[in-house]
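For the sequence shown, the residue numbers in the numbering used here are 159 to 359.
The beta carbon of each residue, even a glycine, is placed where N, CA and C say it ideally should be.
Keep in mind the model is a prediction, meaning the values are calculated, not measured.
Here's the structure we're looking at; comments come further down.
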Amino acid sequence: MLRSAVSKVMWVGRATIFMVGLVVVLFLTLAIVAQAADAARVPSLQNGVVNTVNTMTTLVGSIANPILKLDNNGTGTALQLDVQHGNAPLVVNTDAGTATNLDADKLDGKDSAHLVTDTTPTYEVNVIEAVGADGIVQTIVNCDEGDRLLSGGFADLSVGTTVLESVGRSAGSWSVEAIDNNPSNEVTIRIRCYDFPPLRP
Numbered sequence: 159m160l161r162s163a164v165s166k167v168m169w170v171g172r173a174t175i176f177m178v179g180l181v182v183v184l185f186l187t188l189a190i191v192a193q194a195a196d197a198a199r200v201p202s203l204q205n206g207v208v209n210t211v212n213t214m215t216t217l218v219g220s221i222a223n224p225i226l227k228l229d230n231n232g233t234g235t236a237l238q239l240d241v242q243h244g245n246a247p248l249v250v251n252t253d254a255g256t257a258t259n260l261d262a263d264k265l266d267g268k269d270s271a272h273l274v275t276d277t278t279p280t281y282e283v284n285v286i287e288a289v290g291a292d293g294i295v296q297t298i299v300n301c302d303e304g305d306r307l308l309s310g311g312f313a314d315l316s317v318g319t320t321v322l323e324s325v326g327r328s329a330g331s332w333s334v335e336a337i338d339n340n341p342s343n344e345v346t347i348r349i350r351c352y353d354f355p356p357l358r359p
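This is the structure we're talking about:
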């Protein structure tokens with residue numbers, strides 16, 4: 159009977175040692191897995207410091223509301239984009255719609271006041287040029303600085319005067335070249351220009 163009791167005690171001891179060993183192995187395994195997961199975890203953004211990254215961070219979702227909102231209740235802006243010179247600060251997909259309430263201040267360095275619309279004012283410039291006997295005269299008429307040419311040409315051509323060329327030279331000038339054999343003859347060059355700020359008085 160004593161031998162039986164001792165045998166049972168030894169069996170219980172071996173079982174206990176086995177269970178303790180199993181628990182220790184399981185604990186060590188979980189610790190190793192947790193440590194590996196912690197090392198692979200992407201660090202969260204920290205407030206008030208420079209967060210340095212070397213790979214792109216992506217937010218993906220399928221919700222009806224914006225995925226990310228920046229709310230600045232102070233006097234500063236909610237977003238600042240800094241890139242190297244010549245690089246685009248923002249990229250959108252090709253089939254994106256228009257941005258709600260977006261107010262673009264300039265287009266290609268031009269203020270909206272310098273874009274032609276149905277209400278852009280125009281003005282006309284007329285220059286009368288004497289051709290001269292057997293002479294070729296080239297006259298270039300310019301819009302005001304910063305304004306743009308709408309149209310140009312010649313008018314009030316004297317009898318016997320021949321226009322050799324009438325063409326726009328740039329975005330703001332028109333050139334007329336004429337020849338005549340009468341010193342009293344004249345040619346009128348007339349252009350029309352868009353009036354951009356500062357406007358003519």
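- Residue range 331-338 is occupied by the beta strand (DSSP E) that includes D338.
- The DSSP-derived three-state label of A271 is helix.
- For I347, the secondary structure class from DSSP, reduced to helix, strand or coil, is strand.
- Closest by C-alpha distance to I337, out of N245, G304, S316, L307, is S316.
- Note on V250: under 16 other CB atoms within 10 angstroms of its CB, so exposed under the neighbour-count rule.
- In the structure shown, V299 adopts extended strand secondary structure according to DSSP, grouped into three states.
- When the Cα atoms are used, A236 and N230 turn out to be separated by approximately 5 Å.
- For T280, the enclosing beta strand (DSSP E) starts and ends at 280-288.
- Annotation for T280: L308, R350, C351, Y352, D353 place their beta carbon closer than 7 Å to its own, counting only its chain and skipping 5 residues before and after.
- Assigned with DSSP and collapsed to three states, I294 falls in strand.
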